[in-house]
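To start, the structure itself, in structure tokens.
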Amino acid sequence: MEQLNENLSKAIIRFIEDHPPKTIKRNLFSLFVDYTYTLKGGTPNDLDNILFDFKELFIFLDKIEDEMENIKDGKNINL
2 MEQLNENLSK
12 AIIRFIEDHP
22 PKTIKRNLFS
32 LFVDYTYTLK
42 GGTPNDLDNI
52 LFDFKELFIF
62 LDKIEDEMEN
72 IKDGKNINL
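Numbering (this note's numbering), first residue to last: 2 to 80.
Here's what the structure looks like:
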């Protein structure tokens with residue numbers, strides 16, 4: 002996907018405005034820690050996939066936060 006269409010772009014912007022990336026990361030991390038705690042020392046069979054997805058999602062949310070800071074600072078640098 003080379004470029005997002007207007008409807009998708011608006012939906013993403015609306016989502017980010019309602020759910021700040023920092024809050025999403027904090028809530029997901031808390032949820033993950035609570036989940037792993039309930040396993041009582043065991044690990045899910047797909048832990049590698051879960052960790053990879055979390056890592057990639059957190060990298061993406063960090064990029065969104067950086068872009069928001071750049072826009073706020075008037076730098077608007079494309080990532």
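Using N, Cα and C, we set each Cβ at its ideal position, and we do this for glycine too.
Residue i: buried (16+ other C-beta within 10 angstroms of its C-beta) or exposed?
i: residue 9; result: exposed
i: residue 45; result: exposed
By Cβ distance below 7 Å, which residues in the same chain neighbour residue i in space, the five residues on each side in sequence not counted?
i: residue 17; result: 65
i: residue 49; result: none
Would you please state the rounded distance, in angstroms, between the beta carbons of residue i and residue j? I believe it to be under 8 Å.
i: residue 25; j: residue 62; result: 6 Å
i: residue 33; j: residue 55; result: 7 Å
Got a sec, what are the start and stop residues for the alpha helix (DSSP H) residue i sits in?
i: residue 21; result: Looking at the DSSP string, residue 21 is not in any alpha helix (DSSP H), and its letter there is neither H nor E.
i: residue 70; result: 48-73
Name the residue from the options whose alpha carbon lies nearest to the alpha carbon of residue i.
i: residue 67; options: 29, 23, 52; result: 23
Once the 5 residues before and after residue i are set aside, which same chain residues still bring their CB inside 6 Å of it?
i: residue 29; result: none
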